[in-house]
Amino acid sequence: SGFARMASLPVATLPLPYASVDDYLDSMPSKKRTDIRKKLKAAGDIDVEFCDDIENVYDEILALYQATRANRKASYEAFDEIPENYFREVIATSGGKAKVALFRLDGRIVCFSFFLIEKDKLIGKFLGMDYTVARARNLYFLNWMTIVRFCIEKGISHFQAGQTTYAVKVRLGCKLKHSWIYFKHTGPVIGPLVRRLGRKLSLGAVDPELGTLGDKAIYLTPAQQ
102 SGFARMASLP
112 VATLPLPYAS
122 VDDYLDSMPS
132 KKRTDIRKKL
142 KAAGDIDVEF
152 CDDIENVYDE
162 ILALYQATRA
172 NRKASYEAFD
182 EIPENYFREV
192 IATSGGKAKV
202 ALFRLDGRIV
212 CFSFFLIEKD
222 KLIGKFLGMD
232 YTVARARNLY
242 FLNWMTIVRF
252 CIEKGISHFQ
262 AGQTTYAVKV
272 RLGCKLKHSW
282 IYFKHTGPVI
292 GPLVRRLGRK
302 LSLGAVDPEL
312 GTLGDKAIYL
322 TPAQQ
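Under this note's numbering, the residues of the sequence shown are numbered 102 to 326, in order.
What follows is the structure, given as structure tokens:
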């Protein structure tokens, strides 16, 4: 149909064939397992709540999302932007598939995780953190293990973890899934040129972590997807 294809960022996906969180941790090297348990202990004073009504805390969630976006090492410009009412509207129209995990320290929201639930996978969409708290309480790892526990308890077999922080996600057991952007130019001269150039373009080239993973980046086969 005249479309060109360029490689988008791969999607990190964590298979979860485990009966418990302990089974998941046991699948890791002992040093990593010990490190995660230590990080979770440091976050012992964080309270976690799952909800699908965020009107009363919407401004706090939006501020955390914006702080996290500003803290990223790579920017994808328009590909990374969402409307201000995105979280509100997705929850309202998702038919119960959209959920939010709220993480509170002394009653104050210091982290949120926005995700969608499908039949056999949980899709992590957005994570927002207060960076004055994130490192001391290991909020990233607390959120990760909270989602993993949720999936295992609900019988969800895959956690689709998104398109950032690849190095950490691969260490936590993720495999990568190729993704593509299809685009088209209808001009009789520029159109053929765009189709030729599209094969050489890749958003992955601007991500600072993908190129350093090397053989550690394991991609899912079509059959596994």
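Just so you know, even glycine gets a beta-carbon here, dropped at the ideal spot from N, CA and C.
Opening and closing residue of the alpha helix (DSSP H) in which residue i lies
| i | result |
| --- | --- |
| residue 126 | 122-127 |
| residue 131 | 131-143 |
| residue 160 | 159-172 |
| residue 187 | 187-194 |
| residue 283 | No alpha helix (DSSP H) contains residue 283, which is instead part of the beta strand (DSSP E) from 281-284. |
Given residue i as reference, the closest of the options once Cα atoms are compared
| i | options | result |
| --- | --- | --- |
| residue 226 | 316, 106, 199, 318 | 199 |
| residue 229 | 156, 244, 212 | 212 |
| residue 246 | 262, 313, 162, 209 | 262 |
| residue 143 | 236, 223, 310 | 236 |
| residue 248 | 121, 103, 111 | 121 |
| residue 130 | 272, 321, 298 | 272 |
| residue 188 | 169, 209, 160, 172 | 160 |
| residue 183 | 196, 163, 195 | 163 |
| residue 105 | 156, 298, 322 | 298 |
Chain-order list of residues whose beta-carbon lies under 8 Å from that of residue i (same chain, five-residue window excluded)
| i | result |
| --- | --- |
| residue 138 | 126 |
| residue 119 | 125, 128, 253 |
| residue 242 | 137, 140, 141, 144 |
| residue 314 | 267, 268, 271 |
Buried versus exposed, by CB contacts within 10 Å (16 or more), residue i
| i | result |
| --- | --- |
| residue 167 | exposed |
| residue 231 | buried |
| residue 319 | exposed |
| residue 290 | exposed |
| residue 151 | exposed |
| residue 283 | exposed |
| residue 294 | exposed |
Coarse secondary structure for residue i, derived from DSSP in three states
| i | result |
| --- | --- |
| residue 116 | strand |
| residue 212 | strand |
| residue 254 | helix |
| residue 231 | coil |
| residue 292 | helix |
| residue 242 | helix |
| residue 248 | helix |
| residue 298 | helix |
Spatial neighbours of residue i in its chain, beta-carbon cut-off 6 Å, leaving aside the 5 residues before and after
| i | result |
| --- | --- |
| residue 223 | 216, 252, 257, 260 |
| residue 103 | 285 |
| residue 214 | 202, 228, 244 |
| residue 205 | 148 |
| residue 239 | 140, 143, 144 |
Residue-chain proximity (residue i, chain C), Cβ-Cβ < 7 Å
| i | result |
| --- | --- |
| residue 318 | The displayed structure is made up of one protein chain only, and chain C is not part of it. |
Same chain, Cβ closer than 7 Å to residue i, five either side skipped, listed in chain order
| i | result |
| --- | --- |
| residue 233 | none |
Extent of the continuous beta strand (DSSP E) to which residue i belongs
| i | result |
| --- | --- |
| residue 202 | 199-206 |
| residue 278 | 276-278 |
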